[in-house]
Amino acid sequence: MNSAPAQHPPVSRRSFLQTATTTASAAALLGATSTRAAVPAAPLTIIDTHTHFYDPARPKGVPWPGKGDAVLYRTMLPKDYRAQPVAQPVTGTVVVEASPLLEDNQWILDLAAKDPFIVGFVGHLDPGTPEFAGHLKRFAANPLFRGIRIGQGALQKGLPQPAFLEDLRGLIQHDLELDVNGGPTLLPLAAQLAAALPALRIVINHNANVKIDGQAPPAAWRDGVRAAAAHANVFCKVSALVEGTGRSDGTAPRAVEFYRPVLDTVWEAFGEDRVIYGSDWPVSERFASLATVQAIVTEYFAAKGRGATEKFFAKNAAAAYKWVKR
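Under my numbering, the first residue of the sequence shown is numbered 9, with each subsequent residue one higher.
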C-alpha cells in the first residue's frame with residue numbers, strides 16, 4: 009500500500025523572507041554565497057597572530073619542544089601550517105617566539121624574508137638587562153620585527169625595577185608592542201603595566217590561560233579581565249581556547265556554547281576593537297584540529313556581524329601589531 013504524501017503547514021511570506029534573510033546574512037559573514045543575490049561575499053582577511061615555527065633538524069636542534077614530544081617534535085614551518093585544512097584560507101601570520109636563544113630571533117626573520125606569508129614576528133628579548141637596548145635596536149631595524157613577548161614571572165619581577173620599565177619604553181620608541189603570557193593572575197599585572205606605560209600596546213595571550221569547562225569562569229579571572237580591559241592600550245588575544253579545556257587527547261569540543269562563558273566575558277570587557285585572533289598552532293594540535301580552532305571563533309564572531317568579524321580576524325591585529333602587508 010502506498011502511503012499518502014506528507015502534509016506540511018503553509019509557510020507565510022513573512023516567515024519565508026525572515027528565513028531567507030537570516031540564511032543570506034550568515035552565508036555572507038562566513039564567506040559563502042548569498043542565497044538572495046547569488047553574489048559571493050568578499051573573503052575575509054585572516055591574520056593568525058599566534059603561530060610557532062621551528063625545525064628540530066637544525067644542527068643544534070631546538071630548545072623547545074623536547075625530543076620526547078611525539079606531537080610537536082617535528083619540523084613546523086609555514087608550509088606545514090598552510091597544509092592544514094580550514095574552511096577559510098589564512099592570509100598571513102604573526103609568528104610568536106618559541107625560543108630564548110638570541111639568534112633564533114634572526115632565524116625567524118630569515119625565514120620571513122623568504123616567505124611573505126609571515127607578516128610579523130614577536131621575538132624574545134629580556135628587558136631589564138644591560139644588553140637589551142642594543143639587541144632591540146638591532147632587531148627593530150627589520151620592519152617584520154613587531155615586538156617581544158615576556159612571561160608572567162618576568163613581568164612581576166620587573167615591574168618594580170626602573171631599568172625594566174625603561175627598556176619597555178624602548179618598545180614605544182620603536183613603535184613595537186608587548187605580548188604577555190601567563191595565568192589568570194597575570195591580568196592585574198598587565199593592568200598595572202598599562203597604567204605605568206599608557207603608550208605601550210600590550211597584548212594578553214591566550215585569554216590569560218583560564219580553564220575552560222563550559223561553566224562560568226572564576227570570578228577572579230573575570231575581575232582581572234575587566235581591570236586589564238579598563239586600559240585602552242590593552243588587547244586580548246582570543247587564542248588557546250581548545251588548550252584551555254585540558255583535553256590533550258585531541259577531543260576538545262567543537263560546540264561554541266562550551267566556550268561562550270569565556271568568550272562573552274572577553275567580548276563584554278574588550279569590545280569589538282581590542283580582541284584578536286590567534287590559533288596557537290601547532291600547540292593547538294594536541295587538543296583539536298586547526299579547522300576546529302578556526303570554526304569556533306568564526307561562528308562566535310559571525311553572530312556579532314561582518315564588521316566585528318573583520319576587526320577580530322585582521323583589523324585589530326593591524327592596530328596592535330602593525331603587521332606588514334606584503
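Ideal Cβ positions, reconstructed from N, Cα and C, are used throughout, including at glycine.
Source: prediction; values computed, not measured.
Counterpart residues of residue 189 in DSSP-defined beta bridges: Looking at the DSSP output, residue 189 shares a beta bridge with 159.
Can you tell me whether residue 137 is helix, strand or coil according to DSSP? coil
Given residue 125, which residues of its chain have a CB within under 6 Å of its CB, disregarding the five upstream and five downstream residues? Cβ neighbours of residue 125 within its own chain (closer than 6 Å, five residues either side excluded): 86, 100.
Can you give me the Cβ contacts of residue 299 inside the same chain, cut-off strictly under 6 Å, excluding the 5 residues immediately before and after it? 93, 94
Residue 59 (DSSP reduced to helix, strand or coil): strand
Spell out a yes or no on whether the segment 100-117 and the segment 297-312 are touching, meaning 3 or more CB-CB pairs, one atom from each, closer than 8 Å. no
Leaving out five residues on either side along the sequence, give the residues of the same chain with a beta carbon under 7 Å from the beta carbon of residue 176. 135, 186, 205, 208
Local conformation of residue 30 per DSSP, three classes: Low local confidence applies: a pLDDT of 32 at residue 30 is under 50, so the model's placement there is unreliable, with the coordinate-based value given in what follows. In the structure shown, residue 30 sits in a helix (DSSP, three-state: H, G or I).
For the alpha helix (DSSP H) containing residue 317, list its first residue and its last residue. That run of the alpha helix (DSSP H) goes 314-318.
Tell me which residue opens and which closes the alpha helix (DSSP H) that residue 122 is part of. 110-122
Ignore the nearest five residues each way along the sequence and tell me which others in residue 327's own chain have a CB closer than 7 Å to its CB. Cβ neighbours of residue 327 within its own chain (closer than 7 Å, five residues either side excluded): none.
Could you tell me if residue 111 is buried or exposed, where buried requires 16 or more neighbouring beta carbons within 10 angstroms of its beta carbon? exposed
For residue 70, I'd like the list of residues in its chain whose CB is within less than 6 Å of its CB, leaving aside the five on either flank, ordered along the chain. 62, 64
With 16 other CB atoms within 10 Å as the buried threshold, where does residue 118 fall? Answer is exposed; the Cβ neighbour count stays below 16.
Would DSSP call residue 275 helix, strand or coil? helix
According to DSSP, is residue 145 helix, strand or coil? In this structure, residue 145 counts as helix in the three-state DSSP scheme.
Rounded Cβ spacing between residue 247 and residue 214 (contact assumed at less than 8 Å): 5 Å
I need the boundaries of the alpha helix (DSSP H) containing residue 232, first residue and last residue. Residues 227-237.
Do you know how far the Cα of residue 270 is from the Cα of residue 224? 7 Å
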